[in-house]
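Numbering (my numbering), first residue to last: 446 to 648.
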Amino acid sequence: MKIICIGRNYVDHAKELNNPVPTEPVFFLKPDTALLPKNNPFVYPSFSKNVQHEVEIAIKINRLGKHIEKKFAHKYYNEIGIGVDFTARDVQQQCKEKGLPWEKAKAFDGSAPTSKFLKIDEFEDINNLNFSLKINGEVKQQGNTKDMIFNFNEIIAYVSKFFTLKIGDIIYTGTPAGVNPIKINDKLECFIEDKKMLGFNVK
Ligand code: MG
Numbered sequence: 446m447k448i449i450c451i452g453r454n455y456v457d458h459a460k461e462l463n464n465p466v467p468t469e470p471v472f473f474l475k476p477d478t479a480l481l482p483k484n485n486p487f488v489y490p491s492f493s494k495n496v497q498h499e500v501e502i503a504i505k506i507n508r509l510g511k512h513i514e515k516k517f518a519h520k521y522y523n524e525i526g527i528g529v530d531f532t533a534r535d536v537q538q539q540c541k542e543k544g545l546p547w548e549k550a551k552a553f554d555g556s557a558p559t560s561k562f563l564k565i566d567e568f569e570d571i572n573n574l575n576f577s578l579k580i581n582g583e584v585k586q587q588g589n590t591k592d593m594i595f596n597f598n599e600i601i602a603y604v605s606k607f608f609t610l611k612i613g614d615i616i617y618t619g620t621p622a623g624v625n626p627i628k629i630n631d632k633l634e635c636f637i638e639d640k641k642m643l644g645f646n647v648k
């Protein structure tokens, strides 16, 4: 499986990093080794001094597809979860300055702790869903999927022009504002509405 991550999909986050608001989706990939095995801590990578959290709603692909039209995109996922797109911001900044790809900063082992997935019909409206990240019990990031620049169906239509989507692929749909560094011994918890979906520690 692959993890497809959408960048700069919330205006307030694009602005906080001084990035332009995109006119088409920005995306990158993480390999399956970016998933964090259940009950494992996130191990702070030795190559960075500024790993930041980006809490994001994720959807799971349940049908094989390529060149999916937006009007059919809703048939390609029926489960939703949440995850953290960990980013070595210092390494990413160096990559950006040199015009190099971001993989070192984004796709390292354990960089995508992902929750369990729930059926989307457990939620009233996935296009109006509150989600949040707490660190050590304090809310550090919160967002609502209605603020996404590109919604779930638009993302699927766009990404599937380039990649065949396969069953089990996960799409991270972008982070709202509030990204900040994490520290060793932090305890992270991710929520969709009031439901705790994911929890792990930084080691
Ligand atoms: Mg992200």
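Don't be surprised by glycine CBs; every beta carbon is placed ideally from N, CA and C.
I'd like the span of the alpha helix (DSSP H) that includes residue i, first residue to last.
| i | result |
| --- | --- |
| Tyr-550 | Per the sequence presented here, residue 550 reads as Ala, with Tyr not at that position. Per DSSP, Ala-550 belongs to the alpha helix (DSSP H) from 548-551. |
| Val-471 | Where Val-471 is concerned, there is no enclosing alpha helix (DSSP H), although the beta strand (DSSP E) it sits in stretches over 471-475. |
| Asn-598 | 597-604 |
| Glu-569 | Looking at the DSSP string, Glu-569 is not in any alpha helix (DSSP H), and its letter there is neither H nor E. |
| Lys-460 | 456-461 |
Let me make sure I understand the geometry here. Which of the options has the alpha-carbon closest to that of residue i?
| i | options | result |
| --- | --- | --- |
| Pro-546 | Gly-555, Val-536, His-458 | Val-536 |
| Asn-485 | Ser-560, Leu-509, Cys-450 | Ser-560 |
| Lys-511 | Asp-614, Thr-620, Cys-635, Gly-619 | Asp-614 |
| Gln-497 | Ser-556, Thr-478, Tyr-603, Leu-480 | Ser-556 |
| Asp-530 | His-519, Phe-517, Glu-548, Asn-523 | Glu-548 |
| Pro-626 | Pro-467, Asn-454, Asn-523, Thr-532 | Thr-532 |
| Asn-596 | Ile-637, Ile-504, Glu-569, Lys-543 | Ile-504 |
| Lys-611 | Val-488, Leu-509, Leu-481, Ile-601 | Leu-509 |
| Asp-639 | Asn-646, Asp-631, Gln-587 | Gln-587 |
| Ile-449 | Tyr-455, Asp-477, Pro-465 | Asp-477 |
| Leu-643 | Ile-451, Ile-525, Ile-506 | Ile-525 |
| Ser-493 | Pro-465, His-458, Gln-539 | Gln-539 |
How far does the beta strand (DSSP E) with residue i in it reach, from first residue to last?
| i | result |
| --- | --- |
| Ala-503 | 500-506 |
| Val-685 | Here the chain covers residues 446 to 648 and nothing more, so residue 685 does not appear. |
| Val-584 | 583-589 |
| Asn-646 | 640-646 |
| Glu-542 | Careful: Glu-542 lies outside any beta strand (DSSP E), inside the alpha helix (DSSP H) at 534-543. |
| Glu-514 | It is not in any beta strand (DSSP E) - Glu-514 carries neither H nor E in the DSSP assignment. |
| Lys-632 | 632-637 |
| Gly-452 | 448-452 |
| Ile-615 | 615-617 |
Hey, residue i and residue j are a contact pair by Cβ (cut 8 Å); roughly how many whole angstroms apart?
| i | j | result |
| --- | --- | --- |
| Asn-572 | Lys-591 | 6 Å |
| Asp-554 | Ala-479 | 7 Å |
| Arg-645 | Leu-481 | Sequence check: residue 645 is Phe here, not Arg. Between Leu-481 and Phe-645 the Cβ distance is about 7 Å, and since that is below 8 Å, they are a contact. |
| Phe-473 | Val-647 | At roughly 23 Å, the Cβ-Cβ gap does not stay under 8 Å, so Phe-473 and Val-647 are not in contact. |
| Leu-633 | Leu-578 | 7 Å |
Nearest-residue set for the ligand MG, Cβ under 5 Å from any heavy atom: Glu-499, Asp-530, Thr-620
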